[in-house]
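Protein sequence lines correspond, in order, to chains A and B.
Counted from 1, the first sequence has number 14 at position 14 by this note's numbering; the numbering is strictly sequential.
Counted from 1, the second sequence has number 144 at position 144 by this note's numbering; the numbering is strictly sequential.
Data block below; observations after.
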Amino acid sequence: MADKGSAGHDVATREAPTPGTGTAVMASDRVENPGFPPHRPRVSDIDPVKERQNERRVAWLFWASIVGSVFAIVAYIVFPIVPGDMESVRYNTLFLGLGIALGMLGIGFGAVHWSKALMDGHDIPESRHSTRGSEETRDKAIEAFHLGNKESGFTRRKLIRNSLIGALVVTPLPAVVLFRDLAPAGDPVARLKHTLWDEGVRLTRDPDGRPIKASDVTLGSVFHVIPDGLAEMHEGKLEEKAKAAVLLMRLDPKDLQVSEGREDWNYHGIVAYSKICTHVGCPVALYEQQTHHLLCPCHQSQFDITREAEVIFGPAKRPLPQLPITVDAEGYLVARSDFHEPVGPSFWERSL
Amino acid sequence: MAPHRKNRTGRRSPVVSAMLLLVGLLATGGSYALFTASASAETTAHVDNLIDEGQKLFQANCASCHGLAAQGTDAGPNLHGVGAAAVDFQVATGRMPMAASGPQAEEKPPQFTEEQVAALAAYVASLAPGPGIPDESLLTGNGDVTNGAELFRINCAMCHNVAGAGGALTEGKFAPDLKGVEPAHIYEAMVTGPQNMPVFNDLNLTPEDKADIISYLMFIDDKSNSPGIIDLGGLGPVSEGLFVWIFALGSIVGITVWLTAKSN
């Protein structure tokens with residue numbers, strides 16, 4: 001801090017830069033400043049009738065402003081907001097807004113029209129101030145720095161200076177701890193890799209949570225599914241839903257191409273796939289029951305349900321994770337396990 | 001003088017000719033109307049006659065694609081079990097008979113009268129049990145609009161848009177605009193899953209749920225529910241943003257130009 005004065009001193013003694021004589025190109029065809037165009041008098045400068053007309057116009061705009069402001073007050077009283085009645089909000093805000101708008105625009109337009117049409121119309125050049133202070137001002141500033149340093153002993157009293165620097169460094173630390181604590185508690189990887197689905201968890205309807213029997217899902221049907229218990233959750237419901245949302249469809253079992261190891265993941269042609277797109281996590285739910293294609297509305301990724309949600313178009317890179325399902329003793333559809341891979345888009349710690 | 005004039009012309013006056021023409025037209029038109037009215041009264045009176053009538057219409061208009069017994073061919077699906085609901089939806093909205101092969105059958109002016117649609121529906125329904133035409137009580141629009149809106153957002157909005165404005169699907173297919181669609185047709189589409197629309201059977205969305213969804217669609221169709229007077233299609237931030245972009249920014253640009261322009 002002490003050398004700040006000497007740095008200022010260096011600058012103070014430096015001369016303004018002059019163009020060098022080296023290889024710099026001097027513009028010979030520089031455009032000359034054409035200056036102002038010749039002054040043209042306005043109609044209100046020449047014609048007294050026009051002048052009076054413009055004067056009246058300005059006054060009318062100010063009068064309109066008064067009318068608007070009074071109208072706003074009247075409208076606020078005449079169209080009160082009745083609790084529970086949306087219609088009353090509409091008229092109240094509409095007329096109040098129109099009144100205040102007229103009140104303010106009237107003043108604004110009036111003032112601008114006044115200045116443009118009636119106030120002096122000559123062009124005036126106004127040069128910019130130089131940014132560099134005078135030598136005297138600069139010396140004074142440097143002197144103030146030196147004096148401050150001398151009186152406070154900032155460079156001399158090293159104990160005080162260093163402890164102040166220490167205090168300044170430590171002050172923001174509570175904020176760092178507070179903001180870090182806003183992040184999800186626990187290991188984020190584990191939270192992204194597991195959902196509410198588990199062995200024996202019933203598939204239920206979104207939003208009311210009624211369980212689904214296998215016989216309910218007729219050919220060509222699509223069900224929007226949440227895990228049992230999610231509908232009753234209060235804490236973190238949306239976070240869990242965002243991972244566990246599932247689309248349930250029934251296809252003719254002949255149409256399904258089942259890969260090895262997934263033979264018992266569907267139940268008589270009923271299949272369940274994660275609704276969260278593997279591209280950036282939009283809900284994929286545009287199901288075409290004839291083509292068995294699932295379309296993501298955000299970036300047009302298409303998944304073929306007959307081929308285990310393989311990507312057939314668009315930016316998604318992985319098929320949608322399949323939820324293995326079966327039925328319980330009462331005939332309700334249940335999950336065999338959680339998803340076998342993390343749902344949704346890629347993240348750093350994902351292994352595949 | 002008068003008898004002499006009569007003999008001279010030997011013709012009826014033009015007024016009488018016009019009167020005769022009118023009587024003749026009324027007689028033929030009236031008797032035709034009477035005849036057809038009595039014929040349709042007969043068909044509605046007897047369900048068997050209605051089915052027979054429907055079978056004839058089917059064989060004349062539909063059998064080339066769906067087969068003489070509605071068993072389906074390479075050109076059109078088997079219609080056993082699709083029910084009266086599917087026929088009413090497809091034929092009364094003009095989707096069937098199809099004008100031309102394409103990505104999907106599109107809505108057009110219906111090709112059959114209401115009686116003919118009813119006859120076709122009765123015939124197809126007689127082939128095998130299937131979903132019927134919904135009861136009037138489910139189509140009144142007096143259901144729970146809030147529940148209907150939530151169910152619509154979960155089950156329908158991804159294809160049909162949250163305001164029911166429709167949207168694009170793959171390879172030329174699209175989910176149609178739902179504004180102004182007959183409530184019965186909306187109900188029938190949910191039950192039967194026409195073309196690439198999935199089926200929402202009564203075990204997935206109960207008849208009351210369907211009535212709520214219809215109530216929601218009728219609610220957003222009603223322009224008086226838009227608090228801003230102009231709803232701009234009810235499409236949300238896109239159309240509203242575009243409106244502000246053009247008109248609000250446009251007027252700001254206009255005011256700026258006026259502010260800096262020199263007065264006359």
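Virtual Cβ for every residue (Gly too), placed ideally from N, Cα, C.
Note that the structure is predicted; figures quoted are calculated from it, not measured.
Residue i: contacting residues in chain B (beta-carbon distance under 7 Å)
i	result
residue 286(A)	158, 159, 169
residue 53(A)	The premise fails here: residue 53(A) is roughly 12 Å from chain B at the closest Cβ pair, so nothing lies under 7 Å.
residue 112(A)	259
residue 43(A)	264
residue 117(A)	263
residue 290(A)	195, 196
Assigned exposure category for residue i - 16 Cβ within 10 Å defines buried
i	result
residue 208(A)	exposed
residue 266(A)	buried
residue 198(A)	exposed
residue 44(A)	buried
residue 2(A)	Annotation note: pLDDT 41 at residue 2(A) (below 50); position unreliable, no value reported.
residue 6(A)	In this prediction, residue 6(A) scores a pLDDT of 42, lower than 50, which makes its location untrustworthy; no coordinate-derived value is stated.
residue 32(B)	exposed
residue 183(B)	buried
residue 71(B)	exposed
residue 120(B)	buried
residue 14(B)	exposed
residue 107(B)	exposed
residue 53(A)	exposed
residue 173(B)	buried
residue 268(A)	exposed
residue 347(A)	exposed
residue 130(A)	exposed
residue 137(A)	exposed
Residue i: contacting residues in chain B (beta-carbon distance under 9 Å)
i	result
residue 302(A)	170
residue 283(A)	158
residue 272(A)	Those do not exist, as residue 272(A) stays about 14 Å from chain B at its closest Cβ, beyond 9 Å.
Alpha-carbon spacing of residue i relative to residue j, whole angstroms
i	j	result
residue 139(A)	residue 166(A)	32 Å
residue 270(A)	residue 330(A)	17 Å
residue 94(A)	residue 112(A)	26 Å
residue 253(A)	residue 259(A)	13 Å
residue 264(A)	residue 276(A)	23 Å
residue 349(A)	residue 320(A)	19 Å
residue 121(A)	residue 51(A)	13 Å
residue 118(B)	residue 222(B)	29 Å
residue 110(B)	residue 99(B)	11 Å
residue 353(A)	residue 288(A)	Nothing about residue 353(A) can be read from this structure; chain A reaches only from 1 to 352.
residue 220(A)	residue 318(A)	25 Å
residue 181(A)	residue 291(A)	47 Å
residue 80(B)	residue 127(B)	6 Å
residue 8(A)	residue 101(A)	Here the model assigns residue 8(A) a pLDDT of 43, short of 50, so the residue's position is not dependable and the matter cannot be decided.
residue 114(B)	residue 78(A)	51 Å
residue 163(B)	residue 300(A)	21 Å
residue 247(B)	residue 241(B)	10 Å
residue 55(A)	residue 114(A)	7 Å
residue 194(A)	residue 339(A)	8 Å
residue 1(B)	residue 16(B)	Bear in mind that the predicted position of residue 1(B) carries a pLDDT of just 42, short of 50, making it too unreliable to give a figure here.
residue 234(A)	residue 206(A)	15 Å
residue 227(A)	residue 242(A)	11 Å
Chain B contact residues for residue i, given Cβ-Cβ distances below 8 Å
i	result
residue 295(A)	169, 170
residue 131(A)	Correct list: empty, because the minimum Cβ distance to chain B is about 27 Å.
7 Å Cβ cut-off: residues of chain A touching residue i
i	result
residue 78(B)	Per Cβ cutoff of 7 Å: no residues; residue 78(B) is ~13 Å from chain A at best.
residue 210(B)	Simply none; closest approach about 14 Å.
residue 108(B)	Those within 7 Å of residue 108(B) in chain A number zero; the least Cβ separation is about 21 Å.
residue 154(B)	206, 207, 224
Contact set between residue i and chain A, taken where Cβ atoms lie within less than 9 Å
i	result
residue 150(B)	207
Per-residue contacts from residue i into chain A (C-beta, under 8 Å)
i	result
residue 252(B)	Result: empty, since nearest Cβ-Cβ is about 13 Å, beyond 8 Å.
Any non-hydrogen atom of the ligand FMN closer than 7 Å to residue i Cβ
i	result
residue 242(A)	Of the ligands one can find in the structure shown there are none, so the ligand FMN has no counterpart to examine.
What residues in the region 185-206 of chain B have a beta carbon less than 8 Å from any beta carbon of chain A?
-> 193, 195, 196, 197, 198, 199, 200, 201, 203, 204
Output, in sequence order along the chain, the residues in the region 217-239 of chain A whose CB is closer than 7 Å to any CB in chain B.
-> 218, 220, 221, 222, 223, 224
Secondary structure, alpha helix (DSSP H): runs of 4+ residues fully inside the region 160-215 of chain B = 183-192
4 or more residues per run - each alpha helix (DSSP H) lying fully within the region 195-263 of chain A = 237-244
Which parts of the region 96-169 of chain B are runs of the alpha helix (DSSP H), unbroken and 4 residues or longer, counting only runs that do not cross its ends?
-> 114-127, 145-155, 157-160
For the region 49-68 of chain B, which residues have a beta carbon sitting closer than 8 Å to at least one beta carbon of chain A?
-> none
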